[in-house]
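S.K.: Mind looking over this structure? Questions follow.
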Amino acid sequence: MNRIVGHHTGGPGTPTADDLNAYHRIVDAAGGLHDGRFPISANAPGRNLAPGTYAPHTLGLNTGAIGLAMAAMGGASWGDPVGSTRFYPTDLQVTAFISEAARLCRVYGITPTRKTVLTHAEVQLTLGVTQANKWDFDYPVFGPTNSRDPLVIGNMMRALIREELDAQEASGRPVTREPIRFVLRRGMFDPAVRALQARLQALGFDPRGVDGHFGPGTFAALVAFQCASELLPDGIAGPATLTALNL
Ligand SMILES: [Zn+2]
383 MNRIVGHHTG GPGTPTADDL NAYHRIVDAA GGLHDGRFPI SANAPGRNLA
433 PGTYAPHTLG LNTGAIGLAM AAMGGASWGD PVGSTRFYPT DLQVTAFISE
483 AARLCRVYGI TPTRKTVLTH AEVQLTLGVT QANKWDFDYP VFGPTNSRDP
533 LVIGNMMRAL IREELDAQEA SGRPVTREPI RFVLRRGMFD PAVRALQARL
583 QALGFDPRGV DGHFGPGTFA ALVAFQCASE LLPDGIAGPA TLTALNL
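So the sequence shown is numbered by this note's numbering: it starts at 383 and just counts up by one.
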């Protein structure tokens, strides 16, 4: 195998039967790993990829390519990727995705470059293999950015994978580390959101439920807190807001 393509499934936070058919490895919302129906070797170079015998994760680019996906983004719209889904990738999920990508690089001897470890949204741009409007990933899943350029997002992904790969190579095994901490924002479903909601509630800003889902109630409560604290009232819990909340 000589390539890894990173995807979101466009489904819920746990893999569906279709997802298991399409990808080799799928990370669920809790960071758990699932094997797809087809082993990675089913896409090996030199094999005749007859329909129903391999994981068809990337149009025209399945030979030698490992399909690694996050079970995420069901119901999302391209115009509002962050706010339109209950299944925005979680910190645990992204962390496990990066760890698994690095492990696969190690196992298959793949050096991460733009051509060998890339997101689905980069395939057409970088390799010239036409895809059907795939946008996994052109939103800020690997860290805060305002850019929706797939190459910018892909570079952030590769930087995390290289860092993880170095750590795995140093220790000879996958590294257990703290989840990568990102900002909390509308659309996320994550234990960290639950902590945010509990904190807001304790401070008298009612998030309309402590359920781990960053919906309109949490957004309104956070904006009210930010106004009261003279923070930028953007409804996004970044470092300044989280610090002000003692989180
Ligand atoms: Zn994809």
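Ideal placement from N, C-alpha and C gives every residue a C-beta, glycine not left out.
Just checking, does the region 410-417 make contact with the region 462-481 on the three C-beta pairs under 8 Å criterion?
M.R.: Touching, per the Cβ criterion.
S.K.: Measuring only from the beta carbon, is T440 closer than 8 Å to any heavy atom that is part of ligand 1?
M.R.: Locating residue 440 in the sequence shown gives position 58, counting from the first residue. Yes; taking the cut-off as 8 Å, the Cβ of T440 has a heavy atom of ligand 1 nearer than that.
S.K.: Rounded to whole angstroms, what's the CA-CA distance from L624 to A580? Just pull it up for me.
M.R.: Indexing the sequence shown from 1 puts residue 624 at position 242. Indexing the sequence shown from 1 puts residue 580 at position 198. Answer to the nearest angstrom: the Cα atoms are 13 Å apart.
S.K.: Distance check for Y436 and R419, CA to CA, integer angstroms please.
M.R.: Counted from its first residue, the sequence shown places residue 419 at position 37. Counted from its first residue, the sequence shown places residue 436 at position 54. Those two C-alpha atoms are separated by around 9 Å.
S.K.: Could you tell me which of H390, M383, N384, R385 sits nearest to F524, measuring between CA atoms?
M.R.: Against the sequence shown, residue 524 aligns to sequence position 142. Nearest C-alpha to F524: H390.
S.K.: With a Cβ-Cβ cutoff of 9 Å, do T501 and F519 count as a contact?
M.R.: Translated into positions along the sequence shown, residue 501 becomes position 119. Translated into positions along the sequence shown, residue 519 becomes position 137. Yes; because the gap between Cβ atoms is below 9 Å, this pair is in contact.
S.K.: Should R559 be labelled buried (16 or more other beta-carbon atoms within 10 Å of its own) or exposed?
M.R.: One-based indexing of the sequence shown puts residue 559 at position 177. For R559, the pLDDT reaches just 49, beneath the cut-off of 50, and the residue's location in the model is therefore unreliable, although a value from the coordinates is still provided. It counts as exposed.
S.K.: Since T625 is in the alpha helix (DSSP H), which residue starts that stretch and which ends it?
M.R.: Along the sequence shown, read from residue 1 onward, the residue named residue 625 stands at position 243. Its alpha helix (DSSP H) spans residues 621-626.
S.K.: Suppose contacts are defined by Cβ-Cβ distances below 9 Å. Is A574 in contact with D473 by that definition?
M.R.: The count along the sequence shown starts at 1 and reaches residue 574 at position 192. The count along the sequence shown starts at 1 and reaches residue 473 at position 91. Their beta carbons are under 9 Å apart, which means A574 touches D473 by this criterion.
S.K.: Is the beta carbon of G449 closer than 9 Å to that of G392?
M.R.: Counting from one through the sequence shown, the residue named residue 392 turns up at place 10. Counting from one through the sequence shown, the residue named residue 449 turns up at place 67. Cβ distance not < 9 Å, so G392 and G449 don't count as in contact.
S.K.: Enumerate, from N- to C-terminal direction, the unbroken alpha helix (DSSP H) stretches of 4 or more residues contained entirely within the region 451-494.
M.R.: Complete alpha helix (DSSP H) runs here, min 4: 473-490.
S.K.: Determine the direct distance from the alpha carbon of T396 to that of A619, and round the result to whole angstroms.
M.R.: If you number the sequence shown from 1, residue 619 lands on position 237. If you number the sequence shown from 1, residue 396 lands on position 14. Rounded to whole angstroms, A619 to T396 spans 26 Å at the Cα level.
S.K.: Any heavy atom of ligand 1 within a distance shorter than 8 Å of the CB on D520?
M.R.: For the purposes of this step, residue 520 is taken as the residue at position 138 of the sequence shown. Flag unset: Cβ of D520 not near ligand 1.
S.K.: Going by DSSP in three states, H439 sits in which element: helix, strand or coil?
M.R.: For the purposes of this step, residue 439 is taken as the residue at position 57 of the sequence shown. Of the three classes helix, strand and coil, the one that applies to H439 here is coil, per DSSP.
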